[in-house]
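Here the structure is laid out as structure tokens; the discussion comes afterwards.
Following this line, the structure appears as structure tokens:
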């Protein structure tokens with residue numbers, strides 16, 4: 023027996039607080055929600071926003087002829103490990119989906135290297151251009167080869183292959199969303215005051231705007247939920263397709279009992295069913311087309 027569909031109160035107000043909205047911060051208000059749905063929806067969004075929004079990050083670096091991160095470079099104040107830690111903090115944004123990429127830069131005649139110096143000739147936007155990378159003597163020449171890729175979540179340097187001697191893998195935090203909080207308040211609908219208002223606050227590093235991040239996470243959640251719904255529908259019996267009695271009985275005789283069986287069978291196998299004529303085949307073709315699974 024199918025559960026009876028109830029008239030759930032769905033959100034009618036989904037707005038961003040315009041007075042505080044920035045590329046790095048946004049507050050979204052969603053109301054009304056049925057009781058307990060605030061925490062259900064809020065927690066789902068928070069988890070996806072923090073773990074599954076794609077971003078761009080540095081994944082490796084090669085500096086001069088250095089072989090590993092525990093080395094030092096003559097004329098550079100910081101050791102290689104500190105330079106690598108500084109590179110991990112660079113926040114990048116890219117308009118291309120062509121990854122991975124290598125950015126090569128030669129630094130000479132500078133006392134201080136900033137993040138912007140490393141990417142001045144690249145197609146990347148540096149969102150923290152004044153980030154300190156290293157302090158040099160004026161006569162030092164540094165050649166950087168910086169590997170950049172896209173992904174989501176956290177990627178350990180240990181999972182990367184050392185393809186070349188001197189290429190140092192770097193832990194990458196791809197997520198452009200840095201913090202997400204939510205809280206729930208009561209709100210009124212008509213005479214009832216036990217509905218909920220969900221308030222979600224999102225902070226990013228500028229690699230994505232809060233509105234974009236929210237849209238992406240909503241799409242990702244909906245995609246996962248729709249798969250579950252589709253799988254459940256595929257288990258429904260073929261009697262729900264309103265086939266003619268002859269076509270229905272012929273399919274059952276061939277052990278085609280569920281919607282999954284129905285959309286999975288080929289025309290060649292259908293034509294091998296004893297007694298299934300042209301009229302029944304055309305009927306099945308028509309229904310398959312309506313199910314977006316044409317023969």
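Residue numbers (the working numbering): 23 to 317.
The beta-carbon is built from N, C-alpha and C at its ideal position, and this holds for glycine as well.
These numbers come from a predicted model, not from an experiment.
With a floor of 4 residues, list each alpha helix (DSSP H) that falls wholly inside the segment 99-137, ordered by position along the chain. 102-110
Report the three-state DSSP secondary structure of residue 315 (helix, strand or coil). coil
Output needed for residue 162: all residues of its chain with C-beta closer than 6 Å, excluding positions within five of it in sequence on either side, in chain order. 97
Which partner residues of residue 169 appear in the DSSP bridge assignment? 82 and 124
Residues in the same chain with beta-carbon distance under 7 Å from residue 88, minus the five sequence neighbours each way, listed in chain order, please. 95, 102 and 188
DSSP three-state call for residue 70: helix, strand or coil? helix
Are residue 53 and residue 203 touching if we call contact CB-CB under 7 Å? no
Looking at the unbroken beta strand (DSSP E) that takes in residue 156, where does it start and where does it end? 154-157
Going by C-alpha to C-alpha distance, which of 83, 266 and 279 sits closest to residue 304? 266
Here's the rule: buried if 16 or more other CB atoms are within 10 angstroms of the residue's CB, otherwise exposed. What is residue 262? exposed
For residue 106, count neighbouring Cβ atoms within 10 angstroms of its own Cβ and tell me buried if that reaches 16, exposed if not. buried
From 131, 119, 313 and 144, residue whose alpha carbon lies closest to that of residue 172: 119
Taking 7 Å as the cut-off, decide whether the C-beta atoms of residue 64 and residue 198 are in contact. no
Cβ-based burial, residue 379 [other Cβ within 10 Å; buried from 16]: This structure leaves residue 379 out entirely; the chain is present only between 23 and 317.
Assigned exposure category for residue 232 - 16 Cβ within 10 Å defines buried: buried
Under the three-state reduction of DSSP, which class applies to residue 276: helix, strand or coil? coil
With distances taken from CA atoms, which of 153, 56 and 205 is nearest residue 215? 56
Any idea what DSSP makes of residue 23, helix, strand or coil? Any answer about residue 23 is weak, because its pLDDT of 45 lies below 50 and its placement is not dependable; what the coordinates show is given next. Coil at residue 23, not helix or strand.
Using a threshold of 7 Å, state whether the C-beta atoms of residue 196 and residue 217 are closer than that. no
Quick one: Cα of residue 144 to Cα of residue 138, how far? 10 Å
Ignore the nearest five residues each way along the sequence and tell me which others in residue 276's own chain have a CB closer than 6 Å to its CB. 295
Residue 115: which of 270, 264 and 226 sits nearest, CA to CA? 226
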